[in-house]
Amino acid sequence: MSRLAKLTVTEAKLFLRDPIGWFFALVFPPLLLVILGSIPAFREPDAEIGGLRVIDLYVPIIVGLVLTMLAVSVLPSYLATYRERGILRRLSTTPVRPASLLLAQLAMGLTMAAVVVSLVVGIGVVAFGTAMPEQVVGFLAALVLTAAALYAVGFLVAAVAPSAKGAAGIGTVLFFPMMFFAGLWVPREAMPEVLRRIGDFTPLGAGVQALQDATNGAWPRPLHLAVLTAVMVGAGLAAAKLFRWE
Amino acid sequence: MAIIEVDHLHKRYRDAVAVEDVSFTVEQGEIFAILGPNGAGKTTTVEIIEGLRTADGGTVRVLGLDPQRDKAALRQRVGVQLQQSQLPEQLKVWEALELYSSFYDRPADWRRLLEQLGLWDKRNARYGKLSGGQQQRLSIALALVGNPQLAVLDELTTGLDPNARREVWGLIEQVRERGVTVVLVTHFMEEAERLADRVALLDGGRLVAIDTPAGLVSRIDAEQRIRFRPSGPLEDRLLTALPQVRAVTRTGPWVFVNGTGDLLQAVTSLLARNQIVAAGLRIEQASLDDAFVALTGRRLDN
């Protein structure tokens, strides 16, 4: 097994030994979909949201939730802990570069994300009759770009956080507004116009809308793809510039 | 062959000089201690040797290589234990060793290493559940798992209780027996005295002295002191007549003789000539501690 694969497997083991971490990232999102889907009114078409059902809107929102948990909460707190405990520094005295540990965390998170996103979409289709993404390429493109943008934000949080506790704090502070604009509490379709416009310029507002559009058979709008790309590049460059190994 | 050559090393941080004109060599197979109080420049010096920091001046060669230019080659051959470096809480002992051994081209057998370090029974324990001594032993195991020619161990026994400390010292001697050259950074006098073949004394970024522990002690013009209980009457003037004796004092039945040179030999022959037996005879000698005070003008314990 290559060194990177071995590091990734080790990171996955460590993650699965942290019950709070995997509950919120892996179990809670599908559970939330099941709970929302169990509410009869959410399974009725609603003229106010363009004839869709509430549960239809929640599939992309919960996909966004999974990615945010993994990228903005889990990743920074692991990396900041590794820096705080001198693990990155320790690695730099071995033949393995400490950047490998960042890649291993990324690979581990993306694998978990792929599994849980499939699970969420699958549960939606099988249990609640939500639509399979019609524009598959557009859906995958939106998914990859959203994950990339959120992971860039996660690396930036890891870069600027003064400590492991600080990383968890910043992650939580970012989580609520990001998820708000994604529509976790009020779906975007039910938001006042001005909030939806603001949301278009946030990574999750853009990401969830792009996923929603692709699910409905449309190609994601250029504005949303541009916002996601801008966040990815901006946060990614800032993270690369600011990241401290010790 | 010199394993490490440090020549006129300089390093300054923004506000202070950390290392100033330090030179020394470490020979194959020796245990070399770098001793000094906090802030003496010990860790900076070894971090330059490890390639973690760059020097501002001077040259450093490790195994004949440049720690900056030949990083990749040296990382295969130099094992490092960092001061205050930990592992993830949830990582098991065997997983840590298996993972780190996979980093190296020719790793040691980590199972044997665990046995040798007395950690075999703990192989399934998580790092967070280990005692301080066990964590330290694991850290030493990880420094050795790549089969290094040189091990650089920084503050090996800080935070350990005296028993665990002695245990770790025994391990370091075993490591040397395996043919590994060991550089030890410490601020424990006892550690340097017990383990090191040679000691470099650093203070305020400068190399104060470099010698064997005994050599350092002998550099200071140390007075010896003998204490005993004579079996019969013994006049002070017999003792003070000896050229080696400087002063004689008494406390109850005890006689204390201060002097230099071949003091013990002189006093015992005198007692034998007078058919006096010395009960409870003890000789007190200067220690590395005293040498440190004499060489730097202050005490080591901070």
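Chains as they are written, first to last, in the working numbering: chain A, 1 to 246; chain B, 1001 to 1302.
Backbone N, C-alpha and C fix where the C-beta goes; we use that ideal spot for every residue, glycine too.
All figures in this text were calculated on a predicted structure; none of them were measured in a lab.
Would a check of beta-carbon distances place residue 253/A closer than 8 Å to chain B? For residue 253/A there is no data in the structure shown, the boundaries of chain A being 1 and 246.
Which residue marks the beginning of the beta strand (DSSP E) containing residue 1258/B, and which one marks its end? If you look at residue 1258/B, you'll find it in the beta strand (DSSP E) that goes 1254–1259.
If I measure Cβ to Cβ from residue 60/A and keep anything under 7 Å in the same chain, skipping five residues before and after, which residues do I get? So the list reads 208, 211, 212 and 215, once near-sequence residues are dropped.
Beta-carbon separation (whole angstroms), residue 1006/B vs residue 1017/B, contact threshold 8 Å: About 16 Å separates the two Cβ atoms, so there is no contact after all.
Residues of chain B with CB closer than 8 Å to the CB of residue 92/A, please, in chain order. Chain B residues near residue 92/A: 1052.
What did DSSP end up calling residue 1145/B once you bin it into helix, strand or coil? Residue state, collapsed to three classes: coil.
Ignore the nearest five residues each way along the sequence and tell me which others in residue 1080/B's own chain have a CB closer than 7 Å to its CB. Counting only Cβ-Cβ distances below 7 Å, and skipping sequence neighbours, we find 1050, 1143 and 1152.
Selected residue, minimal CA-CA separation from residue 1159/B, among 1206/B, 1196/B, 1085/B and 1104/B: Looking at the Cα atoms, 1085/B is the closest of the given residues.
Alpha carbon to alpha carbon, how far is residue 1013/B from residue 190/A? Give it in angstroms, no decimals. Distance from the CA atom of residue 190/A to the CA atom of residue 1013/B, rounded to whole angstroms, is 57 Å.
Beta-carbon separation (whole angstroms), residue 1117/B vs residue 1130/B, contact threshold 8 Å: At roughly 12 Å, the Cβ-Cβ gap does not stay under 8 Å, so residue 1117/B and residue 1130/B are not in contact.
What does residue 19/A touch in chain B if you count any residue whose Cβ is under 8 Å from its own? Contacts between residue 19/A and chain B, judged by CB atoms closer than 8 Å, are missing: the closest CB pair is about 11 Å apart.
State yes or no: is the beta carbon of residue 1125/B nearer than 8 Å to at least one beta carbon in chain A? Under the Cβ criterion of 8 Å, residue 1125/B is not counted among the residues facing chain A.
How would you list, in chain order, the residues of chain A whose beta-carbon sits under 9 Å from the beta-carbon of residue 1087/B? Per Cβ cutoff of 9 Å: 85, 87 and 90.
C-alpha distance - residue 1046/B paired with residue 241/A, whole-angstrom precision: If I take the Cα positions, the gap works out to 27 Å.
Can you tell me whether DSSP reads residue 161/A as helix, strand or coil? Correct three-state label for residue 161/A: coil.
Do residue 1067/B and residue 326/A have their beta-carbon atoms positioned less than 8 Å apart in this structure? Examination of residue 326/A is not possible in this model, given that chain A is present from 1 through 246 alone.
Roughly how many whole angstroms lie between the Cα atoms of residue 1251/B and residue 1029/B? The straight-line gap from Cα to Cα measures roughly 48 Å.
Amino acids of chain B, ordered along the chain, whose beta-carbon sits closer than 7 Å to that of residue 6/A: The answer, in chain order, is 1099 and 1102.
Is DSSP giving residue 1121/B helix, strand or coil here? Assignment of residue 1121/B by DSSP, reduced to helix, strand and coil, places it in the helix class.
By the 10 Å Cβ neighbour count, where 16 or more other Cβ atoms means buried, how is residue 1198/B classified, buried or exposed? Burial call: buried.
Just checking: is the beta-carbon of residue 1093/B within a distance shorter than 8 Å of some beta-carbon in chain A? No - not a single Cβ of chain A is within 8 Å of the one on residue 1093/B.
Since residue 95/A meets chain B, which of its residues come closer than 8 Å, beta carbon to beta carbon? Identification of chain B residues near residue 95/A by a Cβ-Cβ cut-off of 8 Å yields 1072, 1075, 1076, 1103, 1104, 1105 and 1146, ordered along the chain.
What is the DSSP secondary structure of residue 1083/B, counted as helix, strand or coil? Coil at residue 1083/B, not helix or strand.
For residue 3/A and chain B, any beta-carbon pair shorter than 8 Å? Output row for residue 3/A: interface = yes.
Counting only runs that start and end within the region 1213–1279 of chain B, where is the beta strand (DSSP E) found for 3 or more residues in a row? 1224–1230, 1245–1251 and 1254–1259, all fully within the region 1213–1279 of chain B.
Short Cβ contact (8 Å threshold) for residue 49/A with residue 120/A: In this structure, residue 120/A does not lie closer than 8 Å to residue 49/A by Cβ.
Sequence-distant residues of the same chain with beta carbon closer than 7 Å to residue 150/A, five excluded per side: Around residue 150/A: 67, 68, 71, 72 and 203.
Residue ranges of each beta strand (DSSP E) run of no fewer than 3 residues wholly in the region 53–85 of chain A, ordered along the chain? Counting only runs of 3 or more, we get nothing.
What does residue 1082/B reach in chain A if we use C-beta pairs closer than 8 Å? Neighbours of residue 1082/B on chain A, chain order: 86, 89, 90 and 93.
May I ask you to list the residues that DSSP assigns as paired with residue 1284/B? Partner(s): 1225/B.
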